[in-house]
Amino acid sequence: MKQFVPAAAVVALQVTASLAEELLPVQIRAPSPAHFSDLVANNTLDFGCRPIAHPTSDGKFELQALLTRDQISWLHGEYSSDEAITVQETALDKRQTSGKAPIGTGDRFSGGSVTPSGLGTKASTASIASILNVNEINSALTGLANAYPGAFFKYNLPYTTFQGRTSVAAYTGAGPDTSKYRLYLSAGMHARERGGPDNLLYWVSDLLAANKSGSGLTYGKKTYTNAQVKSVLSAGIVLFPLVNPDGVVYDQSSGSLWRKNRNTRSGSSGASVGVDLNRNFNFLWNFRKFFSSSVSPASTSPSSEAFYGTAPESEQETKNHVSVYDKFPGIRWFMDIHSAAGTILYSWGDDVNQSTDPKMNFLNSTYDGKRGVTGDSVYKEYIPAADATAIKRAADATVAGMKGVGSRSYVSQQAVGLYPTSGASDDYAFSRFWAEPGVSKVYGFTMEFGYSTNFYPTTAEFNNNIRDTNAGFMEWALTAIAVGL
């Protein structure tokens, strides 16, 4: 398959970035996931957070994408003679429909004098009217620190972003000793995935409020006791709610479905601006060396949504994310919060798991150039059987919790799915144990809340997402405790 190049020889995603109103959700249907391989390898197309082939009720598979009208026309032409593959666009861009959750204006937490309050401690009819803006995310952290002195701590991360912003993380539940913290959750890595920081902040707000009042939590049809609240807090929670502030500021002001950060060193205009932070971590980052040439787990093109940067951890935001492991050396469980696919993903993401050959692993140069082809037997990524059982148990429990709320269905699956990734935060978390002797083993997960490619939820969807994710966080944390911290 040829790379898409629209009329006037303008690279596809440069058009996308400058004319974001032209982006349309598209569903591509085929008899098998293998039919999508060439499309996924075309890194000028936008498949959301990561390409996922969803099974359909009629036995086929569906791949979601966000495309310009030029790209859609090209796609129709490419498959005009292939009856097995159909391309269907949504009639209206979801971002233009009524009811889209607005971005908050001003500061609802008044610089920290108002305490954030989530949905788990409120009546079932309660609703949050708008998505937090960047200033409010930081103000929320200040509000929690003010409301719970000695129990909630925030601190500035060491690296300022390309545009000069200071990022803030926090920790709660296990006191001031940073060696006692076991759970780490982050959000806001991909700028357009609206609601991720909100989900995390409102959950922690609920935990602290319920702990103080001696009450439990309720998310739809899921309920949790005060004893469970105290148990989760005692595990020690580290939160980094806004990994990519520059990107989120731009996305919230432009409505452009912006994904990357705003670093202009590799490109100064259009889609060439920025790096995909979730391809920038030091796990098989140099995919051209480590993976089969037949797969595209990231991109070397600055105009791609999956541009991997100029080096592992080249980005300040990635450095900040990694620095958390140094400050909290006892972290054992990690969750990165994304949208929109309705899945819980667990390691590995570079190839299919296997537990029989320890020598077949990401550090073994014998297998360089062979990774990532999920249907072959040449390479599969080693994972100890006990670890495989533990992470699947946690992912399944998280899905059960989210489904139990009652708003929608979710699935758990290995992160590789049908297509590999490189440089991702969840695999980096898990890989450290083998790549950096002496560090703790960390189980890495990615939560993809919401519906495929629906990055800008309606107000109702936004509130459903909060309840779904918060129940999921509870189940994930309780299972982590049961498995072992």
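Under UniProt numbering, the letters of the sequence shown match residues 1 to 485, in that order. Glycine included, every Cβ here is placed at the ideal spot set by N, Cα and C. This one's a predicted model, so the numbers in the text were calculated from it and none came from an experiment.
Exercise for the section: Out of T453, T469, A435 and S110, state which residue places its alpha-carbon closest to the alpha-carbon of L67. Expected result: By 1-based counting over the sequence shown, the position of residue 67 is 67. Measuring from the Cα of L67, the nearest candidate turns out to be T453.
Problem - Rounded Cβ spacing between K222 and V405 (contact assumed at less than 8 Å) - result: By one-based count along the sequence shown, residue 222 stands at place 222. By one-based count along the sequence shown, residue 405 stands at place 405. Confirmed, Cβ separation roughly 5 Å.
Handout entry: E448 to T343 span [Cα, whole Å]
Key = Numbered from its first residue, the sequence shown carries residue 448 at position 448. Numbered from its first residue, the sequence shown carries residue 343 at position 343. Their Cα atoms are separated by approximately 5 Å.
Exercise for the section: Could you spell out where the alpha helix (DSSP H) holding M402 opens and where it closes? Expected result: In the sequence shown, counting from the first residue as 1, residue 402 sits at position 402. Counting along the chain, the alpha helix (DSSP H) containing M402 begins and ends at A385 to V405.
Practice task
Pull up the distance between the alpha-carbon of G120 and that of A34, whole angstroms please.
Solution key: For the purposes of this step, residue 120 is taken as the residue at position 120 of the sequence shown. For the purposes of this step, residue 34 is taken as the residue at position 34 of the sequence shown. About 42 Å.
Handout entry: Limits of the alpha helix (DSSP H) - the one that R69 falls within
Key = Position 69 of the sequence shown, counted from the start, is the residue given in the question as residue 69. R69 -> alpha helix (DSSP H) spans R69 to E78.
Practice task
With DSSP as the reference, label S339 as helix, strand or coil.
Solution key: By 1-based counting over the sequence shown, the position of residue 339 is 339. If DSSP states are grouped into helix, strand and coil, S339 belongs with the strands.
Practice task
With Q27 as the anchor, note down where its alpha helix (DSSP H) starts and where it stops.
Solution key: Locating residue 27 in the sequence shown gives position 27, counting from the first residue. It is not in any alpha helix (DSSP H) - Q27 instead sits in the beta strand (DSSP E) that spans L24 to A30.
Handout entry: Option in Q252, S299 and K122 with minimal Cα separation from S213
Key = Residue 213 sits at position 213 when you count from the first residue of the sequence shown. Considering only alpha carbons, the answer is K122.
Problem - Straight-line gap, S127 to N463 (C-alpha atoms, nearest Å) - result: Sequence index remark: in the sequence shown, residue 127 carries index 127 (1-based). Sequence index remark: in the sequence shown, residue 463 carries index 463 (1-based). Rounded to whole angstroms, S127 to N463 spans 6 Å at the Cα level.
Practice task
Express the C-alpha separation of F430 and A395 in angstroms, rounding to a whole number.
Solution key: Indexing the sequence shown from 1 puts residue 395 at position 395. Indexing the sequence shown from 1 puts residue 430 at position 430. In a straight line, the C-alpha of A395 is about 15 Å away from that of F430.
Handout entry: Sequence-distant residues of the same chain with beta carbon closer than 7 Å to Y79, five excluded per side
Key = The residue labelled residue 79 in the question sits at position 79 within the sequence shown. Here the set comprises I85 and V87.
Exercise for the section: Could you have a look at A187 and say whether DSSP puts it in helix, strand or coil? Expected result: Along the sequence shown, one-based indexing puts residue 187 at 187. Strand, per DSSP.
Practice task
Give me the Cα-Cα distance between L105 and T166, rounded to the nearest whole angstrom.
Solution key: For the purposes of this step, residue 105 is taken as the residue at position 105 of the sequence shown. For the purposes of this step, residue 166 is taken as the residue at position 166 of the sequence shown. Sequence inspection shows Thr at residue 105; the Leu mentioned does not correspond to that position. C-alpha separation (whole angstroms): 21 Å.
Problem - Residue-chain proximity (D350, chain C), Cβ-Cβ < 9 Å - result: Looking for chain C here will not work: only one protein chain is present.
Exercise for the section: Note the first and the last residue of the continuous alpha helix (DSSP H) segment covering M474. Expected result: Within the sequence shown, the letter at position 474 stands for residue 474. Where M474 is concerned, the enclosing alpha helix (DSSP H) stretches over T459 to V483.
Exercise for the section: Please name the residue, chosen from D351, F162, N320 and G188, that lies closest to S268 on a Cα-to-Cα basis. Expected result: Residue numbering aside, residue 268 sits at position 268 when the sequence shown is read from its first letter. Closest by alpha carbon: F162.
Handout entry: Length of the line joining the Cα atoms of P297 and G372
Key = Locating residue 297 in the sequence shown gives position 297, where the first residue counts as 1. Locating residue 372 in the sequence shown gives position 372, where the first residue counts as 1. Those two C-alpha atoms are separated by around 8 Å.
Handout entry: Among N133, V442 and A400, the one whose alpha carbon lies nearest that of A388
Key = Here the question's residue 388 lines up with position 388 in the sequence shown. The candidate whose alpha carbon is nearest that of A388 is V442.
Handout entry: Under the three-state DSSP convention, the category Q163 falls into
Key = On the sequence shown, position 163 is the one that residue 163 refers to. Looking at Q163 - three-state DSSP - the assignment turns out to be coil, as it is neither helix nor strand.
Problem - Contact under 9 Å by Cβ, P245 with L141 - result: Numbered from its first residue, the sequence shown carries residue 245 at position 245. Numbered from its first residue, the sequence shown carries residue 141 at position 141. Not in contact: P245 and L141 (Cβ atoms no closer than 9 Å).
Problem - Meets three-Cβ-pair contact criterion under 8 Å: the segment 360-370 and the segment 476-484 - result: no
Problem - Contact under 9 Å by Cβ, I337 with L207 - result: Your numbering for residue 337 matches position 337 in the sequence shown. Your numbering for residue 207 matches position 207 in the sequence shown. No, Cβ-Cβ distance for I337 and L207 is not below 9 Å.
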